[in-house]
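What follows is a short report on a single structure.
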Amino acid sequence: MTLALVQDDAKLTEAARMASPLAVRGLTVSYGQTPAIFSVDVTVRAGAMTAIVGPNGAGKSTLLKAALGVITPLAGTVAMLGQPLDRMRDRIAYVPQRASVDWDFPTRVIDVVLMGMYRQLGLLGRVRATHRAQAMACLDRVGMTDFATRQIGQLSGGQQQRVFLARALAQEADLYVLDEPFAGVDAATEKAIIAVLKSLRDAGRTVVAVHHDLATVPDYFDDVVLLNTQVVAAGPVAHVFTEDNLQATYGGRLTTARADPESVAG
Amino acid sequence: MWADALLLQLGYNATLVTLGAALLGMAAGVAGTFLFLRKRALVSDAISHATLPGVGLAFVVMVALGGDGRALPGLLLGAALSAALGLLCVQWLTARTRLGEDAAIGAVLSVFFGLGVVILTVIQTMNTGRQAGLEGFLLGSTAGMLRGDAILLAASAALVLALVVLLRRPLTLAAFDPGYAQATGWSLARVDLAMMGVVLVVTVVGLKVVGLILIVALLIVPAVTARFWTERADRVVWIAGAVGGVSGYVGAALSAVAPALPTGPIIVLVGFGLFLASLLFSPGRGVLASVLMHRRYQRRVHMRQGLLALAQGQPIFEALTRRLLHRAGLILPDGVATAEGQAAAAKALLDETRWSIVRRDQSFAVAASRYDGLTPIEDVLTQDQLRAVDARIDAPQVVA
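In order, the protein sequence lines correspond to chains A and B.
Numbering-wise, this note's numbering puts 167 at position 45 of the first sequence, and it's gapless, one number per residue.
Numbering-wise, this note's numbering puts 461 at position 121 of the second sequence, and it's gapless, one number per residue.
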């Protein structure tokens, strides 16, 4: 390979980074002395659905949280369209793991969805009828309008996940980041969620999700990042989601991962 | 006499104290709600105990400068500074060491309180005189409350209410889902700092009225009391404010009647009374409501099981089931079904048969998810759906 070609490559990746709604470079996070993720480079393609896949403890959730600044990384930079993330917060929607909050918290379904508009409302802006209508429309997209005034603790796991997705929809963001959206939900909810995510993608939005079911990756996603502390491979599912790459990501655990998708969650 | 106290008829000073305590209670209830929702209630205990060395040192400094050691603004400033230091210690220990927050709170609380007691003891031996009254900061004493003190309380309460109104959204979000708050651009560190700042203000101005040992009760009891009455965070805040205000008002009024009793404990006991009443009698989350709901549910289960047993000609062994069926006029004392009982049993069996068809059919998945063994199927399916189900009951059901 000539030097000129290498430079071309570098220019291309730089261009891809500038256009990417989530470009992560050299990201390292460590709990104590062992890194959870090490020097991770990921350039998410705009308008695509990207899965982050890897074995237990591979650092999938850590990657998302560090990329969004929920935890502080040891090293690395994160950019959206070439800008530092902090300037682009209003364009990012986040769906955390369902188990990360206390569902006995005194709040109703509609109030949770309205939380998605807090940035837009500011500190003192009044919640008007238009905001409520917008929140109800988001609930409608996930099939939860009948539950609007329920206390959130009365919902099933799948319903809770739908409410979290509705809150993200209310943000009207360009980038949707989801942490294990299909963990512990019923089949109907999984179908409903993937339909909403695909409609977002078809509307030109970008979706990034931690995913644990290898069998559904090709059906659900366009791109995939195979992660095991470091990035093993990343790119379009057709090129990257190969037997060899999976073997390299999961090692001896691949057969178990295939046999029991739930065992890879986390 | 008590009525006079509650109606503010006991003179200027008692009125001042009562209104001041009501404002403090309101501010504490509102501020404490967010601590409670964020599950950091006990941090306030560390903050309040950490005020004591500041009070003592402020006294020493003011005396050394030739002033009046008991000037309230100076004492409160000292209290605020050392409380802030204690809070920083808790934060630092939690973030930078392997200690959990509970251990950090325990360590800071006891060390600061111990230091404060030593300083106060030393002050007692000093030759300045006029050191009497400092121990009032432990349990609160409103005897010598001045107009200026009451105005300070009112101003602080107003400040706390204004801050909470301004920050209600980030405070709620940080309490419910801190990760989401952070990801959507609210700085968790700043929100928490604001929350602790508000709590610090309440603690310091509350020292004189309730005392440092019991201020934690004024912060937490109203919030847990309010939680019994609503499922909405914004309402928890305002109900807690009301509970705190009533506790302060009634408590201070009662202690005006019995000056031998310290004000702080009385206020806390009034708050506890409201908490106890809510715990027992609130609808939904209260103990009584839960017991009643459980018993009603248990009876429905027994009735249903009894009717199904009747329909299938099986004996009923449980005394409660027999009693319930008998009382409803569905069986005779010897266990034989009445005409009414036979009809009800047939209806229950038909219901169960219809349910079993619905639950086996994927196309009824939504309806099937509402099966609980009790809900009549007519509540879930439309008439048309029912007819479709009935068409699939192959043999007519034989009823005993």
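Ideal placement from N, C-alpha and C gives every residue a C-beta, glycine not left out.
Our two residues, residue 164 (chain A) and residue 290 (chain A), have alpha carbons roughly 22 Å apart in a direct line. The C-alpha of residue 241 (chain A) is placed about 22 Å away from the C-alpha of residue 501 (chain B). Residue 211 (chain A) places its beta carbon 8 Å or farther from that of residue 283 (chain A). For residue 512 (chain B), DSSP records no beta bridge to any residue.
Approximately 6 Å separates the beta-carbon atoms of residue 264 (chain A) and residue 314 (chain A); this is inside 8 Å, confirming the contact. Within chain B, 571, 572 have C-beta atoms less than 7 Å from the C-beta of residue 230 (chain A), given in sequence order. In the structure shown, the three-state DSSP call for residue 228 (chain A) is coil. A straight-line Cα-Cα distance of about 13 Å links residue 327 (chain A) and residue 202 (chain A). For residue 517 (chain B), the residues of chain A that pass the 8 Å Cβ criterion are 218, 222, 223, 237, in the order they occur in the chain. Under the three-state reduction of DSSP, residue 355 (chain B) is assigned to helix.
Around the beta-carbon of residue 515 (chain B), 16 or more other beta-carbon atoms lie within 10 Å, marking it buried. Of the candidates A:142, A:295, A:348, the residue whose Cα lies closest to the Cα of residue 319 (chain A) is A:295.
When rounded, the separation of the alpha-carbon atoms in residue 485 (chain B) and residue 239 (chain A) is 46 Å. Around the C-beta of residue 621 (chain B), fewer than 16 other C-beta atoms lie within 10 Å, and the residue is accordingly described as exposed. When secondary structure is reduced to three states using DSSP, residue 171 (chain A) falls in the strand class. For the region 188 to 204 of chain A, the set of positions with a beta-carbon nearer than 9 Å to some beta-carbon of chain B reads 190, 191, 192, 193 in chain order. When the beta-carbon positions are compared, residue 554 (chain B) and residue 505 (chain B) stay at least 8 Å from each other. Only buried fits residue 342 (chain A), as 16 or more other CB atoms lie within 10 angstroms of its CB. Inter-segment contact for the region 601 to 615 of chain B and the region 626 to 644 of chain B is absent: fewer than three beta-carbon pairs are separated by less than 8 Å. Using a Cβ distance threshold of 8 Å, residue 393 (chain B) and residue 455 (chain B) count as a contacting pair. Counting only runs of 3+ residues, the beta strand (DSSP E) found wholly inside the region 318 to 369 of chain A occupies 328 to 332, 345 to 350, 352 to 358, in chain order.
Just so you know, the alpha carbons of residue 362 (chain A) and residue 334 (chain A) end up roughly 16 Å apart.
For residue 525 (chain B), the closest Cβ of chain A is nearer than 8 Å. Per DSSP, residue 160 (chain A) is one residue of the beta strand (DSSP E) stretching across 156 to 166.
Against chain B, the beta carbon of residue 257 (chain A) has no neighbour under 7 Å; the closest one sits roughly 15 Å away. No Cβ of chain B is located within less than 8 Å of the beta carbon of residue 314 (chain A). When C-beta distances to chain A are compared with 9 Å, every residue of the region 423 to 444 of chain B stays at or above that value.
Between the C-alpha atoms of residue 208 (chain A) and residue 139 (chain A) there is a straight-line separation of about 17 Å. Minimum Cα-Cα distance from residue 307 (chain A) among the listed residues A:280, A:321, A:204 corresponds to A:280. Comparing alpha-carbon positions, the option among A:272, A:206, A:213, A:197 lying closest to residue 234 (chain A) turns out to be A:272. What residue 567 (chain B) touches in chain A, judged by beta-carbon distance under 7 Å, is 228, going in chain order. Distance from the CA of residue 171 (chain A) to the CA of residue 726 (chain B), rounded to the nearest whole angstrom, comes to 43 Å.
Annotation: the continuous beta strand (DSSP E) that includes residue 202 (chain A) extends over 197 to 202.
Close to residue 273 (chain A), with beta-carbon spacing below 8 Å, are these residues of chain B in chain order: 571.
Assignment of residue 297 (chain A) by DSSP, reduced to helix, strand and coil, places it in the strand class. Around residue 522 (chain B), the beta-carbon contacts reaching into chain A at under 8 Å are 190, 191, 192.
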